[in-house]
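> Taken in sequence, the protein lines are chains D and Z.
Position one of the first sequence corresponds to residue 10 (the numbering used here), numbered consecutively onward.
Position one of the second sequence corresponds to residue 27 (the numbering used here), numbered consecutively onward.
The structure follows.
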Amino acid sequence: MNNEHILIAGFGGQGVLSMGKMLAEAAMAEGREVSWLPSYGAEMRGGTSNVSVHISDKAIGSPTISAGEATCVIAMNLPSLLKFESFVKPGGLLLVNKSIIDKPSSRKDIDVIYVPVNEIAKELGDNKVANMVMLGAYLGKSKVVKNETLMNQVREVFGAKKPAVVALNEKALAEGGKLSV
Amino acid sequence: MARMLMKGNEAIAEAAIAAGCRYFFGYPITPQSEIPEYLSKRLPEVGGVYLQAESEVAAINMVFGAAGAGVRVMTSSSSPGISLKQEGISSIACAETPAVVVNMMRGGPGIGSIQASQNDYFQAVKGGGHGDYHNLVYAPASIQEACDLMAKAFDRADYYRVLCMVLGDGMLGQMMEPVEIKPVKIAEYDKSWATTGWDGVSRPRAVINTLYITVDELNELCGRLQAKYKIIERDEVLFEEFHLDDAEYVVVAYGTVARIVKNAIENLRAQGIKVGLFRPITLWPFPMLPLENIAGQARVKRFAAVEMSAGQLVQDVRLAVNGKKPVELQSFLGSNVPGPGDIAEFIRGLKTA
Chain D
10 MNNEHILIAG
20 FGGQGVLSMG
30 KMLAEAAMAE
40 GREVSWLPSY
50 GAEMRGGTSN
60 VSVHISDKAI
70 GSPTISAGEA
80 TCVIAMNLPS
90 LLKFESFVKP
100 GGLLLVNKSI
110 IDKPSSRKDI
120 DVIYVPVNEI
130 AKELGDNKVA
140 NMVMLGAYLG
150 KSKVVKNETL
160 MNQVREVFGA
170 KKPAVVALNE
180 KALAEGGKLS
190 V
Chain Z
27 MARMLMKGNE
37 AIAEAAIAAG
47 CRYFFGYPIT
57 PQSEIPEYLS
67 KRLPEVGGVY
77 LQAESEVAAI
87 NMVFGAAGAG
97 VRVMTSSSSP
107 GISLKQEGIS
117 SIACAETPAV
127 VVNMMRGGPG
137 IGSIQASQND
147 YFQAVKGGGH
157 GDYHNLVYAP
167 ASIQEACDLM
177 AKAFDRADYY
187 RVLCMVLGDG
197 MLGQMMEPVE
207 IKPVKIAEYD
217 KSWATTGWDG
227 VSRPRAVINT
237 LYITVDELNE
247 LCGRLQAKYK
257 IIERDEVLFE
267 EFHLDDAEYV
277 VVAYGTVARI
287 VKNAIENLRA
297 QGIKVGLFRP
307 ITLWPFPMLP
317 LENIAGQARV
327 KRFAAVEMSA
337 GQLVQDVRLA
347 VNGKKPVELQ
357 SFLGSNVPGP
367 GDIAEFIRGL
377 KTA
């Protein structure tokens, strides 16, 4: 299986850390080694936060991701795109939240996918699943874990009590996936 | 328990419970506040006591008191908070009361930063507080190892009647990894020394004391402590070797930095550079003899300490290597976490040096 080094960044509140956590949990459930390292501390309201996730078949060394090392960067806002675009390694993947970023990527040596996460989430009926749309786009392209494994994590969180929430997340994941096939 | 994705701080807290810890006294500080937060919820569930003290000084003295009663007790903090606890740590060493202290290091000096660092190495292994004493210091490189070492720390603290420190950093505390909190078989040790009330008959009166006003008395205590430390130095050394079998260049690093070094080594090995890692797991006792033996091997050309501090670890490496081979230093200061590329560049430089 492919080893992935994913850096997800955005505004606090966009679900950046939980995207990383769901991804890491799903990969762990599929028997992979994982690590999840958040930026912490100096972040402030309205500022940016980010998380580094490694998925590998062997023990994870460095939990951080340096410039040029990321197999994928997910930029949920403009400051994140500007700061982390250079972190994608040549041939890697950059996912851009098209809903609030109108600047195109300057990289020519990587795959770039622009995802209108807010519009899609709104069509589905709830802005809150914007991050799931983005995760769906990432999984559609990378296939690093099965959508079904990730949905098992969502079910564990929301459980039988909120089947509508689970169904909505499942749809968001599927819609996102359609953008990157 | 199956593998779970847990934050380092929370996993360490749960591992403490599994190791029989029922008392926690502390004061919050980033990047370890999830330890007290988690224990404030968990300890009452298992019949334990969680107390947020008015200060670090109060917290460590509460730890001292509980340790004197022979229960499994801990505190946790980060660098500036650990500085405040040094008076109590010295007292605990003097009174030979078992306790566990977790330090999730952040950048200093002073209040410093809240990001990861290794700049408390000297404080942890060379004293910290006053007097001729040592703490047994464990330096985990993963969350699983941190949990396993928590169990060991509580056990060895009871066995030797010493303070055991688990020395991590902000990365280890804040990151998540799969971890299994293993059930711990808690050994029973004689605790007739504990001040748990005296019936006047069944044992001599227990006294917990750190004042030895006559030369003879203090001399006897210091002699006893040093004899105990000799045994610990002989029996408790832990380390990991990584690609050392044919290594010409030996990097010495501990904790999360050692993980980053491993990435660098794998990349360099793919380019044919024979480099390996020696990772001390106990920082005190430092693995002096194993490292000295490696230094004596003819194929080994050069050593390098890689640390997120300004030349602290390297001093013990130089003591161990004892002039047999050159020892270089790569420091990363101010909570500047190196990438594998930074370390690889430094190691490549060793070859041409």
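Ideal placement from N, C-alpha and C gives every residue a C-beta, glycine not left out.
A quick note: this is a predicted structure, and the numbers were derived from the prediction, not measured.
Where are the beta strand (DSSP E) runs, 3 residues long or more, that stay fully inside the stretch 228-275 of chain Z, in chain order?
You should have 265-268.
> Name the two residues that bound the continuous beta strand (DSSP E) containing D:Ala18.
Numbered from its first residue, the first sequence carries residue 18 of chain D at position 9. Segment 13-20, the beta strand (DSSP E) holding D:Ala18.
> Measure from the alpha carbon of Z:Met131 to the alpha carbon of each residue in Z:Gly107, Z:Ile115, Z:Cys120, Z:Ala273, then state which is nearest.
Taking the first residue of the second sequence as 1, we reach residue 131 of chain Z at position 105. Among Z:Gly107, Z:Ile115, Z:Cys120, Z:Ala273, the Cα nearest to that of Z:Met131 belongs to Z:Gly107.
> Mind listing the chain Z neighbours of D:Pro99? Cutoff is C-beta to C-beta under 8 Å, in chain order.
Taking the first sequence and counting its residues from 1, one reaches residue 99 of chain D at position 90. None at all; the shortest Cβ gap to chain Z is about 15 Å.
> Could you name the residues of chain Z that D:Glu165 contacts, counting a contact when the two beta carbons are closer than 7 Å?
By one-based count along the first sequence, residue 165 of chain D stands at place 156. Near D:Glu165 there are no residues of chain Z at all, since even the closest Cβ is about 11 Å away, more than 7 Å.
> Is Z:Ala50 helix, strand or coil when you go by DSSP?
As a first step, residue 50 of chain Z is located in the second sequence; it is residue number 24 there, counting from the start. Per the sequence shown, residue 50 of chain Z should be read as Phe rather than Ala. It is a strand residue.
> On the premise that D:Thr80 lies in contact with D:Lys98, defined as a C-beta separation below 8 Å, what is that separation, rounded to the nearest angstrom?
Looking up residue 98 of chain D in the first sequence gives position 89. Looking up residue 80 of chain D in the first sequence gives position 71. Contact holds; Cβ gap of about 7 Å.
> Which term fits Z:Ile257, buried or exposed, when burial requires 16 or more other beta carbons within 10 angstroms of its beta carbon?
By one-based count along the second sequence, residue 257 of chain Z stands at place 231. With fewer than 16 other Cβ atoms within 10 Å, it is exposed.
> Rounded to whole angstroms, what is the Cα-Cα separation between Z:Phe51 and Z:Leu110?
Sequence index remark: in the second sequence, residue 51 of chain Z carries index 25 (1-based). Sequence index remark: in the second sequence, residue 110 of chain Z carries index 84 (1-based). Their backbone Cα atoms lie some 14 Å apart in a straight line.
> Hey, how far is the Cα of Z:Asp181 from the Cα of Z:Ile212?
Position 155 of the second sequence holds residue 181 of chain Z. Position 186 of the second sequence holds residue 212 of chain Z. Cα-Cα distance, rounded: 7 Å.
> Would you list, in sequence order, the uninterrupted alpha helix (DSSP H) runs of no fewer than 4 residues that lie entirely inside the stretch 126-184 of chain Z?
As far as the stretch 126-184 of chain Z is concerned, its whole alpha helix (DSSP H) runs of at least 4 residues are 147-151.
> Are any of the Cβ atoms in chain Z nearer than 8 Å to that of D:Ser44?
In the first sequence, residue 44 of chain D corresponds to position 35, counting from 1. D:Ser44 counts as touching chain Z.
> Assuming Z:Met339 contacts Z:Met202 under a Cβ cut-off of 8 Å, what Cβ separation, rounded to an integer in Å, is found between them?
Along the second sequence, read from residue 1 onward, the residue named residue 339 of chain Z stands at position 313. Along the second sequence, read from residue 1 onward, the residue named residue 202 of chain Z stands at position 176. Looking at the sequence provided, one finds Leu at residue 339 of chain Z rather than Met. Their Cβ separation, rounded to whole angstroms, is 27 Å, which puts Z:Leu339 and Z:Met202 out of contact at 8 Å.
> Using the Cβ count rule (16 or more neighbours within 10 Å means buried), how would you classify D:Val126?
Looking up residue 126 of chain D in the first sequence gives position 117. Buried, by the Cβ-count rule.
> Excluding the five sequence neighbours on either side, which residues of its own chain have a C-beta within less than 7 Å of the C-beta of Z:Gly74, listed in chain order?
Walking along the second sequence from the start, residue 74 of chain Z turns up at place 48. Answer for Z:Gly74: Arg48, Tyr49, listed in chain order.
> On the premise that Z:Ser104 lies in contact with Z:Ile169, defined as a C-beta separation below 8 Å, what is that separation, rounded to the nearest angstrom?
Residue mapping note: residue 169 of chain Z aligns to position 143 of the second sequence, counting from 1. Residue mapping note: residue 104 of chain Z aligns to position 78 of the second sequence, counting from 1. Between Z:Ser104 and Z:Ile169 the Cβ distance is about 17 Å, and since that is not below 8 Å, they are no contact.
> I want to know whether the stretch 145-153 of chain D touches the stretch 176-190 of chain D - three or more CB-CB distances under 8 Å.
The stretch 145-153 of chain D is in contact with the stretch 176-190 of chain D.
> Does any C-beta atom of chain D lie closer than 8 Å to the C-beta of Z:Arg285?
Counting from one through the second sequence, the residue named residue 285 of chain Z turns up at place 259. Interface residue, yes.
> Below 8 Å on the Cβ atoms is my contact criterion, and I expect Z:Val276 with Z:Gly302 to pass it. Report the Cβ-Cβ distance as a whole number of Å.
As a working note, residue 276 of chain Z is residue 250 in the second sequence. As a working note, residue 302 of chain Z is residue 276 in the second sequence. Rounded, the Cβ-Cβ distance is 6 Å, consistent with contact.
> Mind listing the chain Z neighbours of D:Glu39? Cutoff is C-beta to C-beta under 8 Å, in chain order.
Looking up residue 39 of chain D in the first sequence gives position 30. Simply none; closest approach about 12 Å.
> Return the residues of the stretch 188-209 of chain Z that lie within a Cβ-Cβ distance of less than 7 Å from chain D, sorted by chain order.
Flagged, chain order: Met197, Gln200, Met201, Met202, Glu203, Pro204.
> Please report the residue range of the beta strand (DSSP E) in which D:Leu103 lies.
Numbered from its first residue, the first sequence carries residue 103 of chain D at position 94. Element bounds for D:Leu103: 97-106.
> State the DSSP-derived secondary structure class of Z:Lys33, mapped to helix, strand or coil.
Indexing the second sequence from 1 puts residue 33 of chain Z at position 7. It is a strand residue.
> Taking the continuous beta strand (DSSP E) assigned at Z:Ala331, which residues delimit it?
Residue 331 of chain Z sits at position 305 when you count from the first residue of the second sequence. Counting along the chain, the beta strand (DSSP E) containing Z:Ala331 begins and ends at 328-333.
> What residues from chain Z crowd round D:Pro47, counting only those whose CB sits closer than 7 Å?
Taking the first residue of the first sequence as position 1, residue 47 of chain D is located at position 38. Going along chain Z in sequence order, the residues near D:Pro47 (Cβ under 7 Å) are Gln200.
> Within 8 Å of any Cβ in chain Z, is that where the Cβ of D:Pro72 sits?
Taking the first residue of the first sequence as position 1, residue 72 of chain D is located at position 63. Output row for D:Pro72: interface = yes.
> So with Cβ pairs under 8 Å, would you call Z:Val332 a contact of chain D?
Here residue 332 of chain Z is taken as the residue at index 306 of the second sequence, counted from 1. Chain D contact via Cβ: absent.
> At 8 Å on the CB atoms, spell out the chain B contacts of Z:Val363, in chain order.
Considering every chain present, this structure includes no chain B. Its protein chains are D and Z.
> Does any residue of chain Z bring its CB to less than 8 Å from the CB of D:Lys180?
For the purposes of this step, residue 180 of chain D is identified with residue 171 of the first sequence, where counting begins at 1. With 8 Å as the cut-off, D:Lys180 does not count as an interface residue toward chain Z.
> On the DSSP bridge assignment, give the partners of Z:Gly302 in chain order.
Taking the first residue of the second sequence as 1, we reach residue 302 of chain Z at position 276. Its beta-bridge partners are Z:Val276.
> With DSSP run on the structure shown, which of helix, strand or coil describes D:Glu34?
Counted from its first residue, the first sequence places residue 34 of chain D at position 25. DSSP places D:Glu34 in helix when its eight states are reduced to three.
> For Z:His156, count the other beta carbons within 10 Å of its own beta carbon; 16 or more makes it buried, fewer makes it exposed. Which is it?
Locating residue 156 of chain Z in the second sequence gives position 130, counting from the first residue. With fewer than 16 Cβ atoms within 10 Å of its Cβ, Z:His156 is classed as exposed.
> What did DSSP end up calling Z:Val340 once you bin it into helix, strand or coil?
For the purposes of this step, residue 340 of chain Z is identified with residue 314 of the second sequence, where counting begins at 1. Residue state, collapsed to three classes: helix.
> Any beta carbon from chain Z within less than 8 Å of D:Glu34's own beta carbon?
For the purposes of this step, residue 34 of chain D is taken as residue 25 along the first sequence, with counting starting at 1. Chain Z, which has a Cβ nearer than 8 Å to the Cβ of D:Glu34, makes this yes.
> Could you work out which residues of chain D lie near Z:Leu31, taking near to mean beta carbons separated by less than 8 Å?
Locating residue 31 of chain Z in the second sequence gives position 5, where the first residue counts as 1. The contacting residues are Lys30, Ala33, Glu34, Met37, Val43, Trp45.
> Helix, strand or coil: how does DSSP classify D:Ser65 here?
The residue labelled residue 65 of chain D in the question sits at position 56 within the first sequence. Reduced to three states, the DSSP call for D:Ser65 is strand.
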